[in-house]
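In my numbering, the protein residues as written are 1134 to 1572.
Think of the CB as a built atom: it goes at the ideal place given N, C-alpha and C, for glycine as much as any other residue.
Encoded as structure tokens, the structure appears first; notes follow it.
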Amino acid sequence: LSDKLQNVFKNLRSKGRLTEADVKAALKEVKMALLEADVNFKVVKQFIKAVQERAIGQDVMNGLNPGQMVIKIVNEEMVALMGNETTEIALKPGNEITIIMMVGLQGAGKTTTTAKLAGLFKKKGRKPLLAACDIYRPAAIQQLHINGEKQGVEVFSMGDKNKPVDIAKAAVEHASKNGYNTLIIDTAGRLHVDESMMEELQELKKNIQIDQCILVVDAMTGQDAVNVSETFNEKIGIDGVILTKLDGDTRGGAALSIRSVTGRPILYVGMGEKLTDLEQFYPDRMASRILGMGDVLTLIDKVSAEVDEEKAKALEQKMKKAEFGFDDYLESMAQMKKMGGLSSILSMLPGVGSQMKQIEEAMDEKKMAQTEGIILSMTPKERSNPSILNPSRKRRIAQGAGVDISEVNRLVKQFEQMRKVMKSMPKNMGGFPGLGGSK
Ligand code: GDP
Ligand code: MG
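Following this line, the structure appears as structure tokens:
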């Protein structure tokens, strides 16, 4: 454990549930972070409101303070907004041609990304062909040829005297005649969204069987990137987005709203000018970047992992089947101690109040050592099957552990009580405080 982390563990006290004050205080910081990351003001407002509603009253995970717990929820909500998981560009199997059209404003990175994608597809065993349909930008065709050559991918072009739609049609024919199964059409952009650009793209879409229309947007343009996404989706219809220039110092707040505004996933991110600088889009990494709280999120991850999930599940199973024995008792006591106090959790359960004190008592350091001594004096059979503990066995155990037989009786009674409490715990608490259910 790092020092920082250790400090947090030292300071931790389990704090029941998130209060309105906890949530509001933490969300103030989140709000600032999102605005700094250039997330649209309205989106921020909506988002904060939704998180607030969800967070108030939630259990604070053991090992986190309320502020960190709110950040954990914020992070989860952000990831959900961006789509939870990575999305691949859908490609048709076999030799059937998948036609991909790249659209976006001038300078967004269409031509570069076209070549990047070609390299990616080639690696996947596809046979890509690139089509140069930007007939306006000087040297655009040559740029695609140069990039295509670098990737070892053929580029289909017909100069700048033909209409883009005719070039595209010819490219489709060329692809099917020559065994290409992935055609990527590079189109022209304008500096701003304008009618003639949209008409040209609509014409392409009407005449060519486009399978995937991919919008390329520049992350550095912030909220404009979101507006551009919305317009392109309305006018042309897009299937996915590639966010470029994330290698710069922009936090990429645009990513948060693109998905919710268009309903389309972000597929890849451009991480540089080199043709290998294209990465899969990971919503969780993006959320961390936008929040700019990498340290906190790393800590949260570590705390979440602190509880051995498998062990917890196994314990839960055992409790359900009433196979919960003394070894498990010992284990669970240690776990609970690590979690920092039972009272807040147990006090929420009806009818547990009176037993709580005894259980808390049992977690006392000295008592734990004694308990361990007693349990270790039992045979494995006795530990896993406490019902066989008759008076003569108890006497033997007491002698072995060097305690009075009344201590053994007390432990057995406590154990039975604990078992009862565990069984009566509501299912949504994971059966065991801090184990399993809290994640
Ligand atoms: P297009 O007009 O949409 O075709 O854009 P281009 O592909 O010509 O790219 C415009 C500029 O952005 C070029 O200088 C590219 O090298 C650069 N570019 C594209 N993608 C990225 C990226 O992910 N990171 C960086 N740093 N530059 C990029
Ligand atoms: Mg271009």
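Contact test: residue i Cβ vs the ligand GDP heavy atom, cutoff 7 Å
| i | result |
| --- | --- |
| Asp1382 | no |
| Val1326 | no |
| Met1404 | yes |
| Asp1237 | Residue identity differs from the one stated: residue 1237 is Gly in this sequence, not Asp. For the ligand GDP, at least one heavy atom lies less than 7 Å from the Cβ of Gly1237. |
| Gln1191 | no |
| Lys1243 | yes |
| Gly1386 | no |
| Gly1355 | no |
| Thr1246 | yes |
| Gln1276 | yes |
| Asp1410 | yes |
| Gly1149 | no |
| Gly1240 | yes |
| Gly1322 | yes |
Residues bridged to residue i (per DSSP)
| i | result |
| --- | --- |
| Gln1413 | Tyr1401 |
| Val1288 | Leu1263 |
| Asp1192 | Arg1150 |
Three-way DSSP call (helix, strand, coil) for residue i in this model
| i | result |
| --- | --- |
| Leu1151 | coil |
| Phe1457 | coil |
| Leu1263 | strand |
| Thr1395 | helix |
| Gly1373 | strand |
| Val1236 | strand |
| Leu1316 | strand |
| Thr1247 | helix |
| Asp1357 | helix |
| Leu1509 | helix |
| Lys1553 | helix |
| Thr1383 | coil |
| Leu1160 | helix |
| Ile1347 | strand |
| Met1426 | coil |
| Thr1231 | strand |
| Asp1293 | strand |
| Gly1216 | coil |
| Leu1522 | coil |
| His1307 | helix |
| Glu1210 | helix |
| Gln1342 | coil |
| Ser1480 | Low confidence applies here, because Ser1480 scores a pLDDT of 44, under 50, leaving its location unreliable; read the following figure in that light. Three-state result, Ser1480: coil. |
| Glu1464 | helix |
| Gly1535 | coil |
| Gly1200 | helix |
| Asn1542 | helix |
| Asp1434 | helix |
| Leu1253 | helix |
| Gly1322 | coil |
| Asp1299 | helix |
| Asn1173 | coil |
| Lys1514 | helix |
| Lys1205 | helix |
| Glu1363 | helix |
Residue i: CB within 7 Å of a non-hydrogen atom of the ligand MG
| i | result |
| --- | --- |
| Thr1377 | no |
| Ala1273 | yes |
| Asp1351 | no |
| Lys1175 | no |
| Asp1267 | yes |
| Arg1270 | yes |
| Asp1319 | yes |
Whole-number beta carbon distance between residue j and residue i, since they are thought to touch under 8 Å
| i | j | result |
| --- | --- | --- |
| Met1466 | Met1419 | 41 Å between Cβ atoms; not a contact. |
| Ser1390 | Val1172 | 7 Å |
| Gly1396 | Ile1423 | Actually they are not in contact, since the Cβ atoms of Gly1396 and Ile1423 sit about 19 Å apart, beyond 8 Å. |
| Glu1505 | Leu1463 | 6 Å |
| Gly1322 | Lys1243 | 6 Å |
| Glu1287 | Leu1316 | Contact flag wrong, Cβ pair sits at about 11 Å. |
| Ala1223 | Gln1342 | About 14 Å separates the two Cβ atoms, so there is no contact after all. |
| Ile1189 | Glu1153 | 5 Å |
Cβ-heavy atom distance, residue i to the ligand GTP, below 7 Å
| i | result |
| --- | --- |
| Asp1155 | The model on display carries the ligand GDP and the ligand MG but not the ligand GTP. |
Within-8 Å CB hit, residue i to chain B
| i | result |
| --- | --- |
| Val1184 | Protein chains in the displayed structure number just one, and chain B is not present. |
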